[in-house]
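Just so you know, we're using my numbering here: the sequence shown kicks off at 2 and counts up by one. By construction, the Cβ of each residue, glycine as well, lies at the ideal position given by its N, Cα and C atoms. Here's the structure we're looking at; comments come further down.
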Amino acid sequence: MKLNIILLIFSLIALKDELNLGDKLLKKDVVGIENLLIFPSQMEDCYIIKKENIIYDVTITKDSIINYITTNDVKFKTTEGYKVGSCYKDIKSSKFIIWNGWGRFINLNSGWNAVFKDESLNDNSKVLFFFKFNKKLGKTKKKDNLNIKFKF
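Below you can see the structure in the form of structure tokens.
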């Protein structure tokens with residue numbers, strides 16, 4: 002019992018700095034801005050942010066609340082232990098979603114979705130990237146409402 006409590010405390014400490022839907026985007030975390038295909042035929046302006054040495058792309062609501070997160074950073078791991086390059090045989094789910102022209106993905110218990118190339122899945126198919134989103138948080142704000150200026 003004591004070990005379970007200690008593990009829970011360490012887990013909560015580790016999750017403290019994890020990027021989550023519903024978080025407010027902080028200007029200090031932004032390292033760039035780009036246009037991103039977030040769903041089939043849906044391009045959005047997004048912010049490139051660095052959190053805990055991991056690069057993410059996020060979209061935000063008009064109130065700067067994060068409503069979409071994606072990453073293909075090889076340093077990122079889901080709470081299940083999956084990362085970019087993990088094989089389908091390790092995740093193994095018969096419940097995957099197909100979005101033609103965009104990819105196939107599996108909903109993970111952590112709330113992340115593991116995306117595979119838009120082709121037949123086989124045991125050696127590899128995760129290309131992860132994403133999660135929440136439509137309830139509001140529509141993405143198209144304009145740069147953080148007034149961030151970048152020189153590229």
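Rounding to the nearest angstrom, what Cα-Cα distance links residue i and residue j in this structure?
{"i": "glycine 112", "j": "threonine 72", "result": "14 angstroms"}
{"i": "aspartate 30", "j": "lysine 52", "result": "7 angstroms"}
{"i": "valine 116", "j": "threonine 80", "result": "16 angstroms"}
{"i": "asparagine 108", "j": "asparagine 54", "result": "25 angstroms"}
{"i": "tyrosine 57", "j": "serine 121", "result": "27 angstroms"}
{"i": "tryptophan 103", "j": "lysine 118", "result": "8 angstroms"}
{"i": "isoleucine 34", "j": "phenylalanine 97", "result": "30 angstroms"}
{"i": "methionine 44", "j": "phenylalanine 131", "result": "17 angstroms"}
{"i": "phenylalanine 151", "j": "isoleucine 66", "result": "Caution applies to phenylalanine 151, whose pLDDT of 44 falls short of 50 and renders its modelled position unreliable; the value that the coordinates give is listed next. Taking the straight line from one Cα to the other gives about 21 angstroms."}
{"i": "lysine 63", "j": "arginine 105", "result": "29 angstroms"}
{"i": "tyrosine 48", "j": "serine 94", "result": "31 angstroms"}
{"i": "lysine 84", "j": "isoleucine 99", "result": "20 angstroms"}
{"i": "glycine 23", "j": "aspartate 46", "result": "18 angstroms"}
{"i": "isoleucine 92", "j": "valine 75", "result": "17 angstroms"}
What residue does the alpha helix (DSSP H) around residue i start on, and which one ends it?
{"i": "lysine 90", "result": "89-92"}
DSSP three-state label for residue i, please.
{"i": "aspartate 46", "result": "strand"}
{"i": "lysine 96", "result": "coil"}
{"i": "lysine 29", "result": "helix"}
{"i": "asparagine 110", "result": "coil"}
{"i": "glutamate 35", "result": "strand"}
{"i": "lysine 76", "result": "coil"}
{"i": "lysine 144", "result": "Note on lysine 144: pLDDT 48, under 50, position unreliable in the model; no value is reported."}
{"i": "valine 128", "result": "coil"}
{"i": "lysine 51", "result": "strand"}
{"i": "lysine 133", "result": "strand"}
{"i": "valine 116", "result": "strand"}
Taking the CB atoms as reference points, tell me whether residue i and residue j lie closer together than 8 angstroms.
{"i": "valine 128", "j": "glycine 82", "result": "no"}
{"i": "isoleucine 27", "j": "valine 59", "result": "Here the sequence assigns leucine to residue 27, which means isoleucine is not the residue at that position. No, they are not a contact pair."}
{"i": "phenylalanine 134", "j": "asparagine 36", "result": "no"}
{"i": "valine 32", "j": "isoleucine 50", "result": "yes"}
{"i": "aspartate 124", "j": "lysine 78", "result": "no"}
{"i": "leucine 38", "j": "isoleucine 70", "result": "no"}
Please confirm whether any heavy atom of the ligand FAD lies closer than 7 angstroms to the CB of residue i.
{"i": "glycine 104", "result": "This structure simply doesn't include the ligand FAD, nor any ligand for that matter."}
Specify, as a first and last residue, the run of the beta strand (DSSP E) that residue i falls within.
{"i": "lysine 58", "result": "One detail in the question is off: residue 58 reads as aspartate in this sequence, not lysine. Unbroken beta strand (DSSP E) run through aspartate 58: 55-61."}
{"i": "threonine 71", "result": "67-72"}
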